[in-house]
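Enquirer: Handing you this structure, nothing more for now.
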Amino acid sequence: MKIGVLALQGAFIEHIKTLQHLGVEAVEVRLPEELDGLDGLIIPGGESTTIGKLAVEYGLLEPLRRFASAKPTWGTCAGMIFLAKDIGHDRQPLLGLMDVTVNRNAFGRQLDSFEVDLPIKGLGDEPFHAVFIRAPIVTETRNGVDILARLEDGRIVAVQENNWLATAFHPELTADARLHQYFIELIQRQTG
Ligand code: GLN
Numbered sequence: 178m179k180i181g182v183l184a185l186q187g188a189f190i191e192h193i194k195t196l197q198h199l200g201v202e203a204v205e206v207r208l209p210e211e212l213d214g215l216d217g218l219i220i221p222g223g224e225s226t227t228i229g230k231l232a233v234e235y236g237l238l239e240p241l242r243r244f245a246s247a248k249p250t251w252g253t254c255a256g257m258i259f260l261a262k263d264i265g266h267d268r269q270p271l272l273g274l275m276d277v278t279v280n281r282n283a284f285g286r287q288l289d290s291f292e293v294d295l296p297i298k299g300l301g302d303e304p305f306h307a308v309f310i311r312a313p314i315v316t317e318t319r320n321g322v323d324i325l326a327r328l329e330d331g332r333i334v335a336v337q338e339n340n341w342l343a344t345a346f347h348p349e350l351t352a353d354a355r356l357h358q359y360f361i362e363l364i365q366r367q368t369g
């Protein structure tokens, strides 16, 4: 199994390290041809406007859309924004695949970053220590989108739609590799 991590900007190294720790081959993706032969892709956190702009410049937008339409793809934080179909009034390049509405920087300046222990569907009883950094939230989900996690106040922070996974927080910044393992299992189910 070989998983790519979009390496235009943001926290891609940490994802690669976590995948390698789990014994999976992980490669940085900056060019369209680097998607060839991958079984899955992670779009990291960072700054979604920058990731979008660079994806356009590198001719990656269409290749990424094509890849994600065929293979499991997981967006964390900025990656969640990039995967979404709808981000309200903001105008920026998106893959526009997941049938969710996402609100960028949803926690405002007072709560720039915070950490919570989050129960996540499919990960067992042990909550996941989730690090949020200028995080988005999902404000609406439509047909076929499964909600995997909510904050205590009900706001949605992890979703899955078939082969697409999106988390508002940064699972690559903590030692808990259960979400990476979950993604690997999603790929294994697809490749049989
Ligand atoms: N606020 C960033 C954005 O809008 C996302 C932050 C993150 O990825 N940690 O793209």
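Our numbering puts the sequence shown at residues 178 to 369.
Just so it is clear, CB atoms sit at the ideal spot from N, CA and C, and this is done for glycine as well.
Quick caveat: nothing in here was measured; it's all calculated off a predicted structure.
Measure the alpha-carbon distance for D323 versus E317 and round it to whole angstroms.
Expert: 11 Å
Enquirer: Would the C-beta of A255 count as close to the ligand GLN, meaning under 6 Å from any of its heavy atoms?
Expert: yes
Enquirer: Go ahead and pull the three-state DSSP assignment for E329.
Expert: coil
Enquirer: Just the C-alpha distance for I219 and L350, rounded to the nearest angstrom, thanks.
Expert: 14 Å
Enquirer: How would you call N280, buried or exposed, if buried means at least 16 neighbouring beta carbons within 10 angstroms?
Expert: buried
Enquirer: In terms of residues, what are the limits of the alpha helix (DSSP H) holding H347?
Expert: Neither: H347 is in no alpha helix (DSSP H) and is coded neither H nor E.
Enquirer: Would you call N320 buried or exposed, if buried means 16 or more other Cβ atoms sit within 10 Å of its Cβ?
Expert: exposed
Enquirer: Let me know the beta strand (DSSP E) ranges lying completely inside the region 236–263, each 3 residues or longer, listed in chain order.
Expert: 250–253, 261–263
Enquirer: Rounded to whole angstroms, what is the Cα-Cα separation between E303 and G214?
Expert: 34 Å
Enquirer: In or out: N340 buried (at least 16 other Cβ within 10 Å) or exposed?
Expert: Buried, by the Cβ-count rule.
Enquirer: Find the nearest neighbour of A283 within the set K194, P313, V182, judged by alpha-carbon distance.
Expert: P313
Enquirer: Please give me, in chain order, every unbroken run of the beta strand (DSSP E) with length at least 3 that falls completely inside the region 278–327.
Expert: 290–295, 305–310, 314–318, 323–327
Enquirer: Strictly by DSSP, which residues pair up with E205?
Expert: According to DSSP, E205 bridges with V182.
Enquirer: DSSP state of A335, grouped into three classes?
Expert: Of the three classes helix, strand and coil, the one that applies to A335 here is strand, per DSSP.
Enquirer: What distance in whole Å lies between the Cβ atoms of I364 and L199, which are believed to be in contact at a cut-off of 8 Å?
Expert: Wrong, their Cβ atoms sit about 12 Å apart, outside the cutoff.
Enquirer: Measure the C-alpha to C-alpha separation of A261 and V336 and round it to an integer number of angstroms.
Expert: Just so you know, the alpha carbons of A261 and V336 end up roughly 11 Å apart.
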